[in-house]
Amino acid sequence: MNLILMGPPGAGKGTQSQRIEKSHGIVQLSTGDMLRAEVASGSDLGKEAKDVMESGGLVSDELIIAMISSRIDQDDCKKGFILDGFPRTTPQAEALDAMLTEKGLMIEHVIEMKVDDEAMIKRITGRYTCAECGAGYHDEFQKPEKEGVCDQCGGTEFTRRADDNAETVRGRLQAYHEQTAPILSYYKEKGAVKSIEGMASIDEVTEQLNAVLG
Ligand code: AP5
Numbered sequence: 002m003n004l005i006l007m008g009p010p011g012a013g014k015g016t017q018s019q020r021i022e023k024s025h026g027i028v029q030l031s032t033g034d035m036l037r038a039e040v041a042s043g044s045d046l047g048k049e050a051k052d053v054m055e056s057g058g059l060v061s062d063e064l065i066i067a068m069i070s071s072r073i074d075q076d077d078c079k080k081g082f083i084l085d086g087f088p089r090t091t092p093q094a095e096a097l098d099a100m101l102t103e104k105g106l107m108i109e110h111v112i113e114m115k116v117d118d119e120a121m122i123k124r125i126t127g128r129y130t131c132a133e134c135g136a137g138y139h140d141e142f143q144k145p146e147k148e149g150v151c152d153q154c155g156g157t158e159f160t161r162r163a164d165d166n167a168e169t170v171r172g173r174l175q176a177y178h179e180q181t182a183p184i185l186s187y188y189k190e191k192g193a194v195k196s197i198e199g200m201a202s203i204d205e206v207t208e209q210l211n212a213v214l215g
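Numbered per our numbering, the sequence shown spans residues 2 to 215.
This is the structure in structure tokens:
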């Protein structure tokens with residue numbers, strides 16, 4: 002099963018992708034995570050992406066499309082994948098269609114996570130992740146069971162993203178509404194979109210997703 006999770010920054014795409022990975026045995030493909038790994042490695046792609054990401058803008062379609070196409074070809078995607086943060090522009094959606102046709106694959110579900118913009122600022126500025134295993138947490142909404150210790154791996158080091166500040170989040174929300182939200186119409190015309198209520202609690206959102214995915 003291959004699916005696309007769509008929603009603005011902070012909608013819960015990453016949080017729910019981690020849960021779907023475990024429950025459905027398919028892999029999360031987050032273009033944001035891939036780009037952050039490139040930035041951390043100091044690669045040419047990372048150097049090109051760094052400033053754009055820190056300003057809240059979008060990295061060039063060409064780079065992203067090539068990156069995701071080669072990722073989908075890897076063995077761990079054969080059982081299925083969750084696209085988190087891709088496609089984000091109409092050219093990316095069109096390129097995805099073309100690459101899936103060429104690879105003999107299809108998308109079974111396009112899921113829109115509906116949320117309120119203002120609440121996203123609080124979600125994002127309170128977010129942090131385990132430096133060891135990448136498990137996601139929030140200062141208020143998703144605390145580890147034991148303070149300062151990761152539930153998944155027992156790690157005690159945590160990180161916050163460079164672009165998770167209120168000013169950059171506003172730029173990211175604007176980029177979403179201008180460049181990404183229009184793709185929903187593209188998929189709605191194909192009758193492929195299911196909408197879920199992303200303002201519900203994390204567990205309730207998981208239940209809604211499971212009802213769609215089966
Ligand atoms: P990316 O990493 O994709 O960031 P994003 O889309 O801005 O999404 P986020 O990761 O911020 O949000 P999320 O929906 O995953 O929320 P999460 O689950 O963590 O992209 C970063 C940058 O990379 C872009 O700005 C761009 O520059 C570049 N880029 C990436 N892809 C690109 C592409 N295709 N083309 C061009 N450029 C690209 O949740 C947030 C917090 O809220 C967490 O702490 C969580 O615990 C909490 N939370 C989650 N759900 C709930 C809930 N239901 N109730 C309460 N709290 C909740």
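Don't be surprised by glycine CBs; every beta carbon is placed ideally from N, CA and C.
Exclusion of the five residues before and after Leu-174 leaves Pro-9, Pro-10, Asp-118, Met-121 as the residues of its chain whose Cβ lies within less than 7 Å of its Cβ. With contacts defined as CB atoms closer than 8 Å, Ala-132 and Gln-153 fail to qualify as a contacting pair.
Glu-113 carries a strand assignment under DSSP once its states are collapsed to helix, strand and coil. A buried status is given to Lys-14, since no fewer than 16 other beta-carbon atoms sit within 10 Å of its beta-carbon.
In this structure, the beta-carbon distance from Ser-196 to Lys-115 falls below 8 Å. For Met-7, the secondary structure class from DSSP, reduced to helix, strand or coil, is strand.
C-alpha of Arg-128 to C-alpha of His-139: approximately 4 Å in a straight line.
In this structure, Lys-51 has its CB at a distance of at least 7 Å from all heavy atoms of the ligand AP5. A distance of 8 Å or more separates the beta carbons of Leu-210 and Ile-108. Contact between Ser-44 and Ser-31 does not hold, since their C-beta atoms are separated by about 17 Å, which reaches or exceeds 8 Å. For Lys-147, there are no CB contacts under 8 Å within the same chain when 5 residues up- and downstream are skipped. Taking 8 Å as the upper bound for CB-CB distance, Gly-58 and Ala-176 are in contact here, some 6 Å apart.
Counting C-beta atoms within 10 angstroms of its own C-beta, Arg-161 has fewer than 16 neighbours from the protein chains shown and is therefore classed as exposed. At least one heavy atom of the ligand AP5 falls within 7 Å of the beta-carbon of Arg-124. Looking at Ile-69, Ser-71, Gly-33, Ala-67, the one whose alpha-carbon comes closest to that of Val-53 is Gly-33. Per DSSP, the beta bridge partners of Asp-85 are Leu-6, Ser-31.
Taking 8 Å as the upper bound for CB-CB distance, Leu-36 and Leu-84 are not in contact here, some 14 Å apart. With 16 or more other Cβ atoms inside 10 Å of its own Cβ, Gly-86 counts as buried. Taking C-beta separations shorter than 7 Å and ignoring five residues to either side along the sequence, the partners of Val-206 in its chain run Gly-13, Gln-17, Ile-197, Gly-199, following chain order.
For Ser-196, the pairing in a beta bridge is given by DSSP as Glu-113. Among the bridge pairs identified by DSSP, Arg-128 is matched with His-139. A buried status is given to Pro-88, since no fewer than 16 other beta-carbon atoms sit within 10 Å of its beta-carbon. Contact annotation: Asn-166 and Thr-130 have beta-carbon atoms that are not nearer than 8 Å.
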